[in-house]
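Visitor: Numbering (the UniProt record's numbering), first residue to last: 1 to 192. Even for Gly, the Cβ is constructed at its ideal location relative to N, Cα and C. No experiment lies behind these values; they were computed from the predicted model shown.
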């Protein structure tokens with residue numbers, strides 16, 4: 001599945017970027033700081049946690065090689081480690097809407113755990129990362145959701161009617177019908 005997003009340009013992030021799973025799915029522009037070997041950089045999507053190295057990011061080999069100038073990719077890959085700068089950017093998931101997955105901890109009729117989202121009518125609480133849950137899910141009716149993205153002082157709402165059917169099943173994925181491209185912009189690190 002990761003190859004379908006950003007052509008396999010993925011990265012594992014340090015705990016400070018992964019943020020207990022909240023950072024998963026976020027996107028970064030990563031640039032190698034060596035002007036001889038490196039080109040314009042690469043856009044990556046964060047897909048996992050890495051805490052075994054003393055680095056902020058571990059890029060897939062595809063992403064690592066994509067930072068190189070033409071003909072320099074194998075040379076860059078041999079190095080294994082390079083100094084980079086990065087900044088958070090909006091993700092572009094062409095032809096992929098926000099989807100919700102009913103988690104394994106869900107059970108009919110009144111416990112529903114949903115992956116990705118910020119519903120507003122029924123109180124959901126973050127279980128971990130992008131997993132939210134409620135023990136107050138309505139039974140026997142389709143469920144609509146409202147997401148909001150806070151960016152600086154503004155809030156943008158997304159509303160999806162009847163996203164989750166009354167007969168929802170654990171493990172099923174439901175399409176909201178919309179994409180979210182709002183992000184909270186971080187400063188470039190370590191650039192100024």
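(1) Which class does residue 171 belong to by DSSP, given the choice of helix, strand or coil?
(2) Three Cβ pairs or more, each shorter than 8 Å: is that satisfied between the segment 19 to 27 and the segment 54 to 61?
(3) If you check the beta carbons only, do residue 98 and residue 180 fall under 9 Å apart?
(4) Round the Cβ separation of residue 166 and residue 141 to the nearest angstrom and send it over; I've been treating them as touching at under 8 Å.
(5) Among the candidates 23, 16, 171 and 12, whose CA atom is the shortest distance from the CA of residue 100?
(6) Going straight from the alpha carbon of residue 133 to that of residue 80, what length do you get?
(7) What does the alpha-carbon distance come out to for the pair residue 203 and residue 158?
(8) The ligand SAM and residue 44: does any heavy atom of the ligand fall closer than 8 Å to the residue's C-beta?
(9) What is the residue span of the alpha helix (DSSP H) that residue 157 lies within?
(10) Over the uninterrupted alpha helix (DSSP H) stretch that includes residue 13, give me the two end residues.
(11) Going by the DSSP bridge assignment, what does residue 68 pair with across the sheet?
(12) May I ask which residues mark the beginning and end of the alpha helix (DSSP H) holding residue 74?
(13) Spatial neighbours of residue 76 within its chain, please: C-beta separation below 6 Å, excluding the five flanking residues on both sides.
(14) Would you grab the beta carbon distance between residue 89 and residue 43 for me? Rounded to a whole angstrom, and I think it's under 8 Å.
(15) Residue 11 to residue 85, Cα distance in whole Å?
(16) Near residue 169, what residues of its chain come up, given a Cβ to Cβ distance below 8 Å and the 5 sequence neighbours on each side ignored?
(17) Excluding the five sequence neighbours on either side, which residues of its own chain have a C-beta within less than 7 Å of the C-beta of residue 19, listed in chain order?
(18) Starting from the C-beta of residue 6, find all residues in its chain whose C-beta is less than 7 Å away, skip the five residues before and the five after it, and write them out in chain order.
Guide: The structure says:
(1) coil
(2) no
(3) yes
(4) 5 Å
(5) 171
(6) 40 Å
(7) In the structure as shown, the chain begins at 1 and stops at 192. Residue 203 is therefore absent and cannot be evaluated.
(8) The model on display carries no ligand, and the ligand SAM is accordingly not part of it.
(9) It is not in any alpha helix (DSSP H) - residue 157 instead sits in the beta strand (DSSP E) that spans 154 to 164.
(10) Unbroken run through residue 13 is the beta strand (DSSP E), 10 to 13; no alpha helix (DSSP H).
(11) 38
(12) That run of the alpha helix (DSSP H) goes 73 to 79.
(13) 37 and 68
(14) About 7 Å separates the Cβ atoms of residue 89 and residue 43, confirming a contact at the 8 Å cut-off.
(15) So the two alpha carbons sit approximately 14 Å from each other.
(16) 102
(17) None.
(18) 43, 44 and 45
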